[in-house]
Amino acid sequence: MSNTKSIISTLPALPDHDAAELAEGEFELRELVFGAEHHNQRIDRALVDLVPEFSRSYLQQLIDSGAVCVNGRVVGKTSLRIKLTDRGSIELRPTPQSQSFKAEHMTLDLVHQDQYLLVINKPAGLVVHPAPGNWSGTLMNGLLGFDSQAFLLPRAGIVHRLDKDTSGLMVVARRREVMDALVRAIAAREVKRQYLALAHGSWRDLKSRQIDAPVGRDPGNRLRMAVVNLALHSGKPARTDVECLANSDLGCLVQCTLHTGRTHQIRVHMASLSHPLVADLLYGGSLSAGMRRQALHAVKLAFVHPVTQEPLIFTAPVPADMQSALVLWGLQYNPDDVRPAH
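The opening position of the sequence shown corresponds to residue 10 in the numbering used here, with each subsequent residue numbered one higher.
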């Protein structure tokens, strides 16, 4: 039997069945026992509670495909209301996406490891989550291959992400209670994240600057994000503190401290200052100084351990491509210049 697993099943009640075999055409039939809290609730919402390891959208797909029965009848609508006396079943069938959420053996650069969490130095080019066009070879696949307990966690314990071509530090939970605690800490801005960015243009502003500008979908190009006017367009508040660490006629090296975690936040904010990141073609950068991916690196990560309460600070060395770019542009970088925010 293959040792490969997928997230199609996480039930310990199936010790003799490999989840990958289910993904190849079988299914798991699971009974649904509704409680008082599910009375008069929509079936798709009840399923989120009863089958917590799968997303609501996936469960809605199963309803639409006839995989859910209540009182012996196939459920035809996601809006069906449940009664306390109802009994049901669900066939957990794999989708193309779930077949791709498989354990893969991958070399992970572990900066820290304990029974509760991991801190990983992600290389540029590694996708964090499976998605269209990248259903395998992602960090999530590697985490599932590293620790079988990751199958019990949403997104294998990933609590925040980096863009594919951004390198640097990420924290990953290994227990559900730790995952919940880290998510709360990130929302409360208690997880401090510092980035190094190499940007076009000589820095002419004050050495330190706070950018407080909402970020949302670019109204003119839905494939990118942009600084938006919330009175006219949807978006969310976003704040980045920027400090210039080194400067030259060709460009500048800046430290960016995130206070919010919006999609492409640093890339968008730096572009709004007319300092797009080197090689960030999506936001106005160009291929320069030998860089072939956006020059952005998550260099420091600081947080309080959710279990031991120990203050933790981690540093990731600047990757070789950015080091070479700094030399080409005559920029000096001192790691001691980057300090976790308070």
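The beta-carbon is built from N, C-alpha and C at its ideal position, and this holds for glycine as well. Since the structure is predicted, the reported quantities are computational estimates derived from the model, not experimental observations.
| Rounded to whole angstroms, how far is the Cβ of I91 from the Cβ of Q50, which I believe are closer than 8 Å? | Taking the sequence shown and counting its residues from 1, one reaches residue 91 at position 82. Taking the sequence shown and counting its residues from 1, one reaches residue 50 at position 41. Rounded, the Cβ-Cβ distance is 5 Å, consistent with contact.
| field | V224 and A240 closer than 7 Å at C-beta | value | Working through the sequence shown from its first residue, we reach residue 224 at position 215. Working through the sequence shown from its first residue, we reach residue 240 at position 231. Against a cut-off of 7 Å, the Cβ pair of A240 and V224 comes out as no contact.
| Would you report the Cα separation of P139 and A159, rounded to the nearest angstrom? | The sequence position of residue 139 within the sequence shown is 130, counting from 1. The sequence position of residue 159 within the sequence shown is 150, counting from 1. Cα to Cα, the separation comes out at about 15 Å.
| request: Look at C265 and V287 and say whether their C-beta atoms are less than 7 Å apart. | output: Counting from one through the sequence shown, the residue named residue 265 turns up at place 256. Counting from one through the sequence shown, the residue named residue 287 turns up at place 278. No.
| C-alpha gap between G34 and L101, whole angstroms | Counting from 1 along the sequence shown, the entry for residue 34 is found at position 25. Counting from 1 along the sequence shown, the entry for residue 101 is found at position 92. Here G34 scores only 40 on pLDDT, less than 50, and its place in the model should not be relied on; the value that follows carries that caveat. Rounded to whole angstroms, G34 to L101 spans 11 Å at the Cα level.
| message | Could you check whether the Cβ of V79 sits closer than 7 Å to any Cβ belonging to chain C? | response | Of the protein chains in this structure there is only one, and it is not chain C.
| task | Give me the Cβ distance between G146 and D174, rounded to the nearest whole Å; I'm assuming they're in contact under 8 Å. | result | The residue labelled residue 146 in the question sits at position 137 within the sequence shown. The residue labelled residue 174 in the question sits at position 165 within the sequence shown. With a Cβ gap of about 15 Å, G146 and D174 do not count as contacting.
| request: Quick one: which unbroken alpha helix (DSSP H) runs of 4-plus residues sit fully inside the stretch 309 to 339? Chain order, please. | output: 329 to 337
| query | Taking only runs of the beta strand (DSSP E) that begin and end inside the stretch 232 to 267, which ones reach a length of at least 3 residues, in chain order? | reply | 248 to 256 and 260 to 267
| message | Please classify R65 as buried or exposed, where buried requires at least 16 neighbouring CB atoms within 10 angstroms. | response | As a position in the sequence shown, residue 65 is number 56, starting the count at 1. Result: exposed.
| message | So, with DSSP's three-state summary, where would you put E46? | response | Reading the sequence shown from its first residue, position 37 is the one you call residue 46. If DSSP states are grouped into helix, strand and coil, E46 belongs with the helices.
| message | For a quick check, are the C-beta atoms of L310 and Y204 less than 7 Å apart? | response | Counted from its first residue, the sequence shown places residue 310 at position 301. Counted from its first residue, the sequence shown places residue 204 at position 195. Not in contact: L310 and Y204 (Cβ atoms no closer than 7 Å).
| query | For L335, which of V187, A196, L259 and E46 has the nearest alpha-carbon? | reply | Here residue 335 refers to the residue found at position 326 of the sequence shown. For L335, the nearest C-alpha among the options comes from L259.
| query | Are at least three pairs of beta-carbons, each pair with one atom in the stretch 121 to 132 and one in the stretch 182 to 194, less than 8 Å apart? | reply | Yes: at least three Cβ pairs fall under 8 Å.
| query | Distance, Cα to Cα, A32 vs G244? | reply | Along the sequence shown, one-based indexing puts residue 32 at 23. Along the sequence shown, one-based indexing puts residue 244 at 235. Here A32 scores only 33 on pLDDT, less than 50, and its place in the model is too uncertain to base an answer on.
| said: By alpha-carbon positions, which one of M188, V83 and R54 ends up nearest to V352? | reply: No answer is possible for residue 352: it lies beyond the span of the chain, which begins at 10 and ends at 351.
| Under 7 Å between the Cβ atoms of S88 and P132? | Residue mapping note: residue 88 aligns to position 79 of the sequence shown, counting from 1. Residue mapping note: residue 132 aligns to position 123 of the sequence shown, counting from 1. No; because the gap between Cβ atoms is not below 7 Å, this pair is not in contact.
| task | From the DSSP output, read off the bridge partner residues of E100. | result | Numbered from its first residue, the sequence shown carries residue 100 at position 91. Note: E100 sits in a beta bridge opposite L38.
| query | Which runs of the alpha helix (DSSP H) fall wholly inside the stretch 147 to 229 and span at least 4 residues, in chain order? | reply | 148 to 155 and 185 to 196
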